[in-house]
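Residue numbers (this note's numbering), protein chains in the order written: chain A, 1 to 233; chain B, 1001 to 1233.
Note that beta-carbon positions come from the ideal geometry of N, C-alpha and C, so glycine has one too.
These notes are about the structure you will find just below.
2 protein chains.
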Amino acid sequence: MKADIPLAGVAVDLVILTVREDTLMALAIRRGIPPFKGQWALPGGFVLPDEDLTAAARRELAEETGLADFRAHLEQLATYGTPGRDPRGRVISVAYLALAPDLPLPSAGSDAAAAQWMPVDAMAGELAFDHPQILADAVERARAKLEYTPLAAAFCAETFTIAELRHVYQVVWGVELDPRNFHRKVTSTRGFVIPADGTTTRDGGRPAQLFSVGPGDVLRPPLMRPGTVGDDR
Amino acid sequence: MKADIPLAGVAVDLVILTVREDTLMALAIRRGIPPFKGQWALPGGFVLPDEDLTAAARRELAEETGLADFRAHLEQLATYGTPGRDPRGRVISVAYLALAPDLPLPSAGSDAAAAQWMPVDAMAGELAFDHPQILADAVERARAKLEYTPLAAAFCAETFTIAELRHVYQVVWGVELDPRNFHRKVTSTRGFVIPADGTTTRDGGRPAQLFSVGPGDVLRPPLMRPGTVGDDR
DNA sequence: TCAAAAGTGTTGAACATACACCCATGT
DNA sequence: ACATGGGTGTATGTTCAACACTTTTGA
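Written as structure tokens, this is what we have:
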């Protein structure tokens, strides 16, 4: 490397979102090493010298969730590099957004004394570095992408009912959606969900058809948005 | 900086888009220094030791376009850091997307032998580094954002007619839009455009009302999309 | 038999497209 | 006068929110 190129540390930080107990939650790590030792932060770490950025994010995701065969959506969110954001010196952080189904309990990573799911609304005040900003950007991105992509299924298990999918929207957006109109909209949008084998009664009532995400892309996804409150029960 | 943190060079690269001669174009720089000396590349450069990422992008934008009082939209696009993408060593590049009105001719920057606007469709094959990928991502982002934001006006001058705004959509998307329905949609969406003083006949025909972008945000932008071909003339 | 959730039908309102038509200017 | 583009009115079709109603299970 030429000597006249200014250098910086490069890290990845992850906002891992899940829907759990009717709440949108993110994974927080209690830092086991300085700086900010003992405080909460987003999971993350430095990119290895010959590691791709996405590979680093995937590695951290696997380490923090204990999930080797993770089925989770992962996308780059944004990059944060304001001078002074890390007391160790100039550190550029490439933030990634992950959407995961309701996982078992995460195992503590190597440099973390503890890891736990926290409601995103209660989390901002707890986080070190500029992680409150990163979290806010991530939640905004996730909320927006539910509108114009079939991404909500990333919060669900391999197969899911339409009601479970609707529940994701309701929790992430904090709105009520009409079960009947939602059902129609989702099932009539080609490629959004495809019927899977079997039904389930895990939600109570009449057995519900199971679905999985389609292999291909959705041509023009639904655009859900707020909508409904009332019902006729 | 601690010794165990792997370091990398941090650059910003810009995709500066404009609508010019009925074509979506981007600014290309002929490299004046190695690597890839003499080839075309996106404008960009290394981030200074105590410079914010956005400040570096703004600085490059001003340098390359010669525009000190630039009125252009600038947003972070994505970050590219695959090992080996730069022969000088590990270089992370934070790409920015800029949308600019049809500017005069750009002035050559300090490390550039030449700069010129090129049609984005003819550009991919010319660019060095991984810049074809960055350009493709930028164009995709720009096309998508026209759908759900009032960003098209960033391609127009301070004040513009509805026809000029429509022209932006037509060029960027490569579609025909019905002038009358477009006019209604844009003017009836509160906050999308606001009437400015005066009219112009620069497009010929009846004088057209001038508009400028509103100060606030648009609550729920239009969602334009393909649409119309026929007419009754 | 009843509660609870799945899923279908139907209706009126909102919106979008297509196009007829009038307006105001330059030549 | 007439060509050119700006802008309004309006009919028809599509989509969407609201909600009545039937289906299928567990308790």
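Exercise. Given that a residue counts as buried once 16 or more other Cβ atoms are within 10 Å of its Cβ, and exposed if not, what is B/R1090?
Worked result: Counting the other Cβ atoms within 10 Å of the Cβ of B/R1090 gives 16 or more, which makes it buried.
For this session: Compute the beta-carbon to beta-carbon distance between A/V15 and A/L135, rounded to the nearest angstrom, for a pair I have assumed lies under 8 Å.
Result: The pair is a contact, with the Cβ atoms about 6 Å apart (cut-off 8 Å).
Problem set entry | Same chain, Cβ closer than 8 Å to A/D232, five either side skipped, listed in chain order | Residue placement at A/D232 is flagged as unreliable, the pLDDT there being 32, under the threshold of 50; a coordinate-derived value is accordingly withheld.
For this session: Would you mind working out which of B/F1192, B/V1193 and B/A1026 sits nearest B/D1102, comparing C-alpha positions?
Result: Closest in C-alpha terms to B/D1102, from the list B/F1192, B/V1193 and B/A1026, comes B/A1026.
Problem set entry | Beta-carbon proximity of B/L1053 to B/A1072, cut-off 8 Å | Not in contact: B/L1053 and B/A1072 (Cβ atoms no closer than 8 Å).
For this session: Express the C-alpha separation of A/L127 and B/A1095 in angstroms, rounding to a whole number.
Result: Cα atoms of B/A1095 and A/L127: separation of roughly 27 Å, rounded to the nearest angstrom.
For this session: Select from A/L48, A/E60, A/Q133 and A/Q39 the residue whose C-alpha is nearest the C-alpha of B/T1082.
Result: A/L48
For this session: Identify the continuous beta strand (DSSP E) that holds B/L1077 and give its terminal residues.
Result: H1073 to Y1080
Exercise. Among the residues of its own chain, which have a CB less than 7 Å from the CB of B/A1008, if the five just before and after it don't count?
Worked result: R1090, V1091 and I1092
For this session: Please say whether A/L24 and A/V175 have beta carbons closer to each other than 8 Å?
Result: no
Exercise. B/T1079 versus chain A: which residues are under 7 Å apart at the beta carbon?
Worked result: The contact set of B/T1079 on chain A, defined by CB atoms closer than 7 Å, consists of L53, Q76, T79 and V94 in chain order.
For this session: Have a look at A/R154 and A/E64 and give me their C-alpha separation to the nearest angstrom.
Result: Note that residue 154 of chain A is Ala in the sequence shown, not Arg. Rounded to the nearest angstrom, the two C-alpha atoms are 18 Å apart.
Problem set entry | Min CB distance A/P83 to chain B below 8 Å | Yes, because at least one Cβ of chain B sits closer than 8 Å to the Cβ of A/P83.
Problem set entry | Assigned secondary structure, A/Q170 (DSSP; H/G/I helix, E/B strand, else coil) | helix
For this session: Work out the CA separation of B/W1117 and B/G1205 for me, nearest whole Å.
Result: When rounded, the distance between both Cα atoms is 30 Å.
Exercise. Checking contacts by CB at 8 Å: is A/V47 closer than that to chain B?
Worked result: yes
Exercise. Closest to B/L1074 by CA distance: which of B/A1056, B/R1059, B/G1198 and B/L1097 is it?
Worked result: B/L1097
Exercise. Would DSSP call A/I16 helix, strand or coil?
Worked result: strand
Exercise. Near B/G1125, which residues of its chain fall below 8 Å by C-beta distance, leaving aside the five closest residues on each side in sequence?
Worked result: P1132
For this session: Just confirm the distance between the C-beta atoms of B/T1200 and B/T1161, as a whole number of angstroms; I'd bet it's less than 8 Å.
Result: 6 Å
Exercise. Which of helix, strand or coil does DSSP assign to A/R30?
Worked result: strand
Exercise. A/E21: buried (16+ other C-beta within 10 angstroms of its C-beta) or exposed?
Worked result: exposed
For this session: Using 10 angstroms around the beta-carbon of A/G44, count the other beta-carbons present and answer buried if the total reaches 16, otherwise exposed.
Result: buried
For this session: Would you mind sorting A/D197 into buried or exposed? The rule is 16 or more other CB atoms within 10 Å of its CB.
Result: exposed
Exercise. What residues of chain B sit near A/D50, judged by a beta carbon separation below 7 Å?
Worked result: Ordered by position in chain B, the residues that pass the 7 Å Cβ test against A/D50 are P1083.
Exercise. Is the shortest distance between the beta-carbon of B/G1227 and the beta-carbons of chain A less than 8 Å?
Worked result: Any answer about B/G1227 is weak, because its pLDDT of 45 lies below 50 and its placement is not dependable; what the coordinates show is given next. No, B/G1227 lies away from the interface with chain A (no Cβ there is under 8 Å from its Cβ).
Exercise. Roughly how many whole angstroms lie between the Cα atoms of A/T79 and A/D13?
Worked result: 9 Å
Exercise. Hey, would you say A/L77 sits closer than 8 Å to A/R166, going by beta carbons?
Worked result: no
Exercise. Going along chain B, which residues have a C-beta under 8 Å from A/R190?
Worked result: The contacting residues do not exist; A/R190 stays about 17 Å from chain B at best.
For this session: Could you have a look at A/T23 and say whether DSSP puts it in helix, strand or coil?
Result: Reduced to three states, the DSSP call for A/T23 is strand.
Exercise. Can A/V186 and A/V213 be called in contact, C-beta distance under 8 Å?
Worked result: no
Exercise. Is the shortest distance between the beta-carbon of B/R1206 and the beta-carbons of chain A less than 8 Å?
Worked result: By this cut-off, B/R1206 is not an interface position.
Exercise. Going straight from the alpha carbon of A/P207 to that of A/K145, what length do you get?
Worked result: For A/P207 and A/K145, the distance between alpha carbons rounds to 30 Å.
Exercise. With C-beta atoms as the reference, is B/V1168 less than 8 Å away from B/V1010?
Worked result: no
Exercise. What's the gap between the Cα of B/G1066 and the Cα of B/L1210?
Worked result: 27 Å
Problem set entry | DSSP state of B/V1094 mapped onto helix, strand, coil | Judged by DSSP in its simplified three-state form, B/V1094 adopts strand.
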